[in-house]
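A.B. asks: This is the structure, below, for whatever I ask next.
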Amino acid sequence: MSPSNPDSTASFGHGDTSVSCLKPENGFVDSLSLVHSEKAVEELLQQTPVEGMDEHLIEFSEALRTVAKALRRAAEGKASAQAEAAEWKRRYELEKTRNIQMERKAQIAEQNGNIDCGRVKNSDKQLMQQNELDKIFDECCMKHGICSHEVLRDRGSDSSSNVDRSKMMRKASFKLSWWCKGENGDQHKHDIVSFEKGNITTAERSSKQISLKWESDPQTVLILTKPNSVSVRILCAQMVRWLKEKKKLNIYVEPRVRAELLTESSDFNYVQTWKDDQEILLLHTKVDLVITLGGDGTVLWAASMFKGPVPPIVPFSLGSLGFMTPFHSEHFKECLDSVLRGPVSITLRHRLLCRVIRDAAKNEYETEEPILVLNEVTIDRGISSYLTNLECYCDNSFVTCVQGDGLILSTTSGSTAYSLAAGGSMVHPQVPGILFTPICPHSLSFRPLILPEHVTLRIVVPFNSRSPAWASFDGKDRKQLAAGDALLCSMAPCPVPTACQVDSTSDFLSSIQDGLHWNLRKTQSFDGPRELQDIIQI
């Protein structure tokens with residue numbers, strides 16, 4: 001077989017499959033054509049080789065493999081750029097909407113000024129006072145920690161109250177600050193990094209224990225329960241009655257729970273609920289505190305209801321293990337009284353923000369809605385008998401190719417869940433990081449990783465994968481990832497604050513000791529001198 005003429009256009013294959021050398025227009029190649037070209041190259045490489053193929057064609061096939069790899073990287077870069085562009089567009093739209101609302105408020109204020117000057121003076125005075133308060137709150141947040149100050153309009157229609165509907169009321173505000181044991185201890189000091197004389201030194205360390213102190217009394221509580229449990233239903237009724245009669249709080253429950261309470265007694269008609277998903281999105285503007293009655297799964301369910309800021313959660317243990325539920329239901333009155341009075345230690349549990357980007361997406365607007373996870377996102381092979389083939393990138397840097405049953409991207413709160421069963425390390429929940437744990441890798445040297453919280457991970461199903469992969473988020477919302485699809489994971493901006501019984505570290509150590517019997521074994525017997533044994537017995 002004679003070599004082909006290099007000046008002529010080359011076409012190989014059979015049927016409708018062909019690869020031709022085309023010149024790009026204006027020096028650029030369309031990304032969609034890159035993908036089609038890559039698929040054509042893959043089909044060409046999978047064809048049965050012709051008998052008598054000489055060394056020139058073998059070299060050409062290797063060159064085609066290099067081209068396919070370059071095309072795949074270009075498609076992955078396009079997916080990453082689309083995700084970044086979508087995020088910037090979302091921020092731009094939010095800023096644009098905010099500016100339009102401010103302009104409308106200014107116009108309304110100007111129109112009202114022509115009607116009633118005295119009313120405008122009062123509103124201006126209130127606005128100045130509010131601005132001064134906001135300035136004080138901002139300075140407080142910058143100096144001491146994280147604060148919550150939200151103003152809500154009372155839209156309730158309670159006929160027994162004499163409060164005007166136009167009255168403004170404050171949602172319960174709180175402040176998070178560093179906390180230590182003892183007044184004379186030095187653990188309360190923050191990290192102080194010095195750059196004096198060109199040397200970087202850390203003068204003092206912080207204990208990183210976070211304490212929540214209420215600046216105004218909580219008014220509204222949301223109670224979430226584990227379904228299909230008689231004991232949980234009885235406890236919920238007792239807790240609702242106590243919170244209403246003794247603490248005078250507004251109580252929200254799920255529609256299912258409200259129906260169960262009304263079936264038991266019509267006296268529970270004061271319990272409130274929601275009607276649709278739109279009202280669920282506004283729960284964080286109404287609820288000051290969330291109480292969960294169940295196990296860790298109930299805490300995951302509570303966190304999934306809040307797509308943005310999450311109110312403090314008080315988790316009561318009514319499940320099996322309970323790594324995130326330190327409170328016992330037998331003493332719920334004492335526990336809730338202590339939490340409502342404050343201060344209380346808080347664990348800030350970080351979440352992952354996950355986004356699936358399809359290979360068929362033509363622009364950045366065709367991405368799916370982001371998903372928040374508190375434990376982990378799992379990418380596995382599903383029902384396929386083939387190994388999972390996943391290409392992993394960290395901030396656009398290639399990490400590795402996973403060949404095995406799958407991969408787990410976990411938060412530190414989820415380090416005691418699926419990641420632990422797959423061989424990952426147990427990590428303190430307040431350590432900001434992302435666990436990178438393979439599932440049954442077909443390799444002797446693939447060890448788990450812990451990556452910093454500021455990175456963005458991209459998991460891609462390559463085009464040469466034998467089967468699609470499946471992604472699940474906190475054990476639900478399962479999605480198929482076909483060849484060319486990508487999964488982006490980064491740290492979410494809003495953590496989940498959970499109340500501690502003692503403090504974050506003590507609760508974490510108690511959970512792994514009680515739940516997993518961590519490092520439990522018999523104490524080694526003492527075989528020292530006879531005289532020393534007699535002294536020990538005395």
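Following full-length UniProt numbering, the numbering of the sequence shown begins with 1 at its first residue and continues without gaps.
Ideal Cβ placement from N, Cα and C applies to all residues, glycine included.
Out of Cys-335, Gly-382 and Cys-401, point me to the one whose CA is closest to Asn-389's CA.
C.D. replies: Position 389 of the sequence shown, counted from the first residue, corresponds to residue 389. The shortest C-alpha separation from Asn-389 is found at Cys-401.
A.B. asks: So, are the CB atoms of Thr-347 and Pro-429 less than 8 Å apart?
C.D. replies: Here residue 347 corresponds to residue number 347 of the sequence shown, with the count starting at 1. Here residue 429 corresponds to residue number 429 of the sequence shown, with the count starting at 1. In contact: Thr-347 and Pro-429 (Cβ atoms closer than 8 Å).
A.B. asks: Taking buried to mean at least 16 other C-beta atoms within 10 Å of its own C-beta, is His-284 buried or exposed?
C.D. replies: For the purposes of this step, residue 284 is taken as the residue at position 284 of the sequence shown. So His-284 ends up on the buried side.
A.B. asks: Look up Tyr-386 in the DSSP assignment and give the residues it is bridged to.
C.D. replies: To locate residue 386, count along the sequence shown from 1; it is residue 386. According to DSSP, Tyr-386 bridges with nothing at all.
A.B. asks: Would you kindly work out how many angstroms separate the C-alpha atoms of Ser-384 and Leu-520, rounded to a whole number?
C.D. replies: For this step, residue 384 is matched to residue 384 along the sequence shown. For this step, residue 520 is matched to residue 520 along the sequence shown. Going by the C-alpha atoms only, they are around 39 Å apart.
A.B. asks: In whole angstroms, what is the alpha-carbon distance linking Leu-488 and Glu-453?
C.D. replies: Position 488 of the sequence shown holds residue 488. Position 453 of the sequence shown holds residue 453. C-alpha separation (whole angstroms): 14 Å.
A.B. asks: Relative to the C-alpha of Pro-258, which candidate in Lys-246, Lys-247 and Trp-274 has its C-alpha closest?
C.D. replies: The residue labelled residue 258 in the question sits at position 258 within the sequence shown. For the sequence presented, residue 258 should be read as Arg rather than Pro. Per the Cα distances, Trp-274.
A.B. asks: Kindly confirm or deny that the region 325-334 and the region 496-512 touch, where touching means at least three C-beta pairs closer than 8 Å.
C.D. replies: The region 325-334 vs the region 496-512: in contact.
A.B. asks: Could you pull the start and end residues of the alpha helix (DSSP H) that Pro-255 belongs to?
C.D. replies: Translated into positions along the sequence shown, residue 255 becomes position 255. That run of the alpha helix (DSSP H) goes 255-264.
A.B. asks: Which word fits Trp-301, buried or exposed, when buried means at least 16 other C-beta atoms lie within 10 angstroms of its C-beta?
C.D. replies: The residue labelled residue 301 in the question sits at position 301 within the sequence shown. Its Cβ being crowded by 16 or more others within 10 Å, Trp-301 is buried.
A.B. asks: If you check the beta carbons only, do Leu-407 and Ile-439 fall under 8 Å apart?
C.D. replies: Here residue 407 refers to the residue found at position 407 of the sequence shown. Here residue 439 refers to the residue found at position 439 of the sequence shown. Yes, these two residues count as a Cβ contact at 8 Å.
A.B. asks: Helix, strand or coil for Gln-209? Go by DSSP, reduced to three states.
C.D. replies: Within the sequence shown, the letter at position 209 stands for residue 209. Strand at Gln-209.
A.B. asks: With DSSP collapsed to three states, give me the class of Ala-469.
C.D. replies: As a first step, residue 469 must be located in the sequence shown, where it is residue number 469. If DSSP states are grouped into helix, strand and coil, Ala-469 belongs with the strands.
A.B. asks: Could you give the distance in angstroms between the alpha-carbon of Gln-238 and the alpha-carbon of Leu-261?
C.D. replies: On the sequence shown, residue 238 is found 238 positions in, with the first residue counted as 1. On the sequence shown, residue 261 is found 261 positions in, with the first residue counted as 1. Between Gln-238 and Leu-261, the C-alpha separation is close to 10 Å.
A.B. asks: Quick check on Asn-269: does DSSP put it in helix, strand or coil?
C.D. replies: Looking up residue 269 in the sequence shown gives position 269. The answer is helix: DSSP assigns Asn-269 an H, G or I state.
A.B. asks: What residues match up with Phe-332 in a beta bridge as DSSP calls it?
C.D. replies: Position 332 of the sequence shown, counting from 1, holds the residue named residue 332. Phe-332 pairs with nothing; no bridge assigned.
A.B. asks: Please report the residue range of the alpha helix (DSSP H) in which Lys-247 lies.
C.D. replies: Counting from 1 along the sequence shown, the entry for residue 247 is found at position 247. Counting along the chain, Lys-247 falls outside any alpha helix (DSSP H), and DSSP gives it neither H nor E.
A.B. asks: Flag Pro-448 as yes if its beta-carbon sits less than 8 Å from any beta-carbon of chain C, otherwise no.
C.D. replies: Within the model displayed, chain C is absent; a lone protein chain is all it includes.
A.B. asks: How big is the Cα-Cα spacing for Ser-80 and Lys-476?
C.D. replies: As a first step, residue 80 must be located in the sequence shown, where it is residue number 80. As a first step, residue 476 must be located in the sequence shown, where it is residue number 476. Roughly 25 Å separates the two Cα atoms.
A.B. asks: Determine whether the beta carbon atoms of residue 539 and Leu-352 lie at a separation below 8 Å.
C.D. replies: A query on residue 539 cannot be resolved here, the shown segment of the chain reaching from 1 to 538 and no further.
A.B. asks: How is Cys-491 classed by DSSP in three states: helix, strand or coil?
C.D. replies: As a working note, residue 491 is residue 491 in the sequence shown. First, the residue type needs correcting, since residue 491 is Met and not Cys in the sequence shown. Note: Met-491 maps to strand in three-state DSSP.
A.B. asks: Classify Ala-499 as helix, strand or coil using the three-state DSSP reduction.
C.D. replies: Taking the first residue of the sequence shown as 1, we reach residue 499 at position 499. Reduced to three states, the DSSP call for Ala-499 is strand.
A.B. asks: Report the three-state DSSP secondary structure of Leu-94 (helix, strand or coil).
C.D. replies: Along the sequence shown, read from residue 1 onward, the residue named residue 94 stands at position 94. Leu-94: helix per DSSP, three-state reduction.
A.B. asks: With a threshold of 7 Å on Cβ separation, who are the neighbours of Asp-217 within its own chain once the five nearest residues in sequence on each side are excluded?
C.D. replies: The residue labelled residue 217 in the question sits at position 217 within the sequence shown. For Asp-217, where only same-chain residues beyond five positions count, the Cβ hits under 7 Å are Ala-172.
A.B. asks: Looking only at its chain, what residues have a beta carbon closer than 6 Å to the beta carbon of Ser-472, apart from the 5 residues adjacent to it on each side?
C.D. replies: The sequence position of residue 472 within the sequence shown is 472, counting from 1. Answer for Ser-472: Thr-378 and Arg-478, listed in chain order.
A.B. asks: So, is Pro-255 buried or exposed, given that buried needs 16 or more other C-beta atoms within 10 angstroms?
C.D. replies: Mapped onto the sequence shown, residue 255 falls at position 255. The residue in question, Pro-255, is exposed, as its Cβ has fewer than 16 Cβ neighbours within 10 Å.
A.B. asks: What is the C-beta distance between Val-287 and Glu-391, in whole angstroms, given that I count them as a contact (C-beta under 8 Å)?
C.D. replies: Counting from 1 along the sequence shown, the entry for residue 287 is found at position 287. Counting from 1 along the sequence shown, the entry for residue 391 is found at position 391. About 42 Å; that fails the 8 Å criterion.
A.B. asks: Sort out for me which residues DSSP pairs Thr-292 with in a bridge.
C.D. replies: Translated into positions along the sequence shown, residue 292 becomes position 292. According to DSSP, Thr-292 bridges with Leu-224 and Pro-315.
A.B. asks: Rounding to the nearest angstrom, what Cα-Cα distance links Met-168 and Gln-219 in this structure?
C.D. replies: Residue numbering aside, residue 168 sits at position 168 when the sequence shown is read from its first letter. Residue numbering aside, residue 219 sits at position 219 when the sequence shown is read from its first letter. Note on Met-168: pLDDT 43, under 50, position unreliable in the model; the coordinate value appears next. Whole-angstrom Cα-Cα distance: 14 Å.
A.B. asks: Is the beta carbon of Ser-211 closer than 8 Å to that of Pro-312?
C.D. replies: For this step, residue 312 is matched to residue 312 along the sequence shown. For this step, residue 211 is matched to residue 211 along the sequence shown. No.
A.B. asks: Take Tyr-393 as the anchor and find which of Gly-424, Ser-490, Glu-369 and Ser-443 has the nearest alpha-carbon.
C.D. replies: Looking up residue 393 in the sequence shown gives position 393. Looking at the Cα atoms, Ser-490 is the closest of the given residues.
A.B. asks: Helix, strand or coil for Ser-413 per DSSP?
C.D. replies: The sequence position of residue 413 within the sequence shown is 413, counting from 1. Helix.
A.B. asks: Which word fits Asn-375, buried or exposed, when buried means at least 16 other C-beta atoms lie within 10 angstroms of its C-beta?
C.D. replies: In the sequence shown, counting from the first residue as 1, residue 375 sits at position 375. Asn-375 comes out buried.
A.B. asks: Considering only their Cβ atoms, is the gap separating Val-232 from Leu-289 smaller than 8 Å?
C.D. replies: As a working note, residue 289 is residue 289 in the sequence shown. As a working note, residue 232 is residue 232 in the sequence shown. No, the Cβ-Cβ distance between Leu-289 and Val-232 is not below 8 Å.
A.B. asks: By alpha-carbon positions, which one of Val-230, Phe-268 and Val-253 ends up nearest to Glu-245?
C.D. replies: In the sequence shown, counting from the first residue as 1, residue 245 sits at position 245. Cα-wise, what sits closest to Glu-245 is Phe-268.
A.B. asks: The alpha helix (DSSP H) that contains Glu-376, what's its start and end?
C.D. replies: As a working note, residue 376 is residue 376 in the sequence shown. Here Glu-376 belongs to no alpha helix (DSSP H); instead the beta strand (DSSP E) covers 376-380.
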